[in-house]
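Chemist:
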């Protein structure tokens, strides 16, 4: 397995990474590179481990933060 502990990922994220990894391997990418790419994809789409969708959402505008516009 690639560097890092995968315990904080949800089961859904782990399954998704496995499917992505297999897909890359079917296209001739090495197992190690396929795993690296799979976890990079999961991280990009979900913002990392712990909760599905963590890291999603944008920054609040200055108005939402309580600043007044001039």
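Residue numbers (my numbering): 1 to 70. All C-beta atoms, glycine included, are put in the ideal place defined by N, C-alpha and C.
(1) What are the boundary residues of the alpha helix (DSSP H) that residue 36 is part of?
(2) Between which two residues does the alpha helix (DSSP H) harbouring residue 27 extend?
(3) Please classify residue 6: is it buried, with 16 or more other beta-carbons within 10 angstroms of its beta-carbon, or exposed?
(4) Is residue 11 helix, strand or coil when you go by DSSP?
(5) Could you check the C-alpha separation between residue 49 and residue 11 for me, to the nearest Å?
(6) Could you check the C-alpha separation between residue 39 and residue 21 for me, to the nearest Å?
Modeler: A quick look at the data gives this:
(1) Where residue 36 is concerned, the enclosing alpha helix (DSSP H) stretches over 31-46.
(2) That residue, residue 27, is in no alpha helix (DSSP H); it is neither H nor E in DSSP.
(3) Exposure of residue 6 is indicated by the presence of fewer than 16 other C-beta atoms within 10 angstroms of its C-beta.
(4) It is helical.
(5) Roughly 10 Å between the two C-alpha positions.
(6) Inter-residue distance for residue 39 and residue 21 is about 8 Å (C-alpha atoms, whole angstroms).
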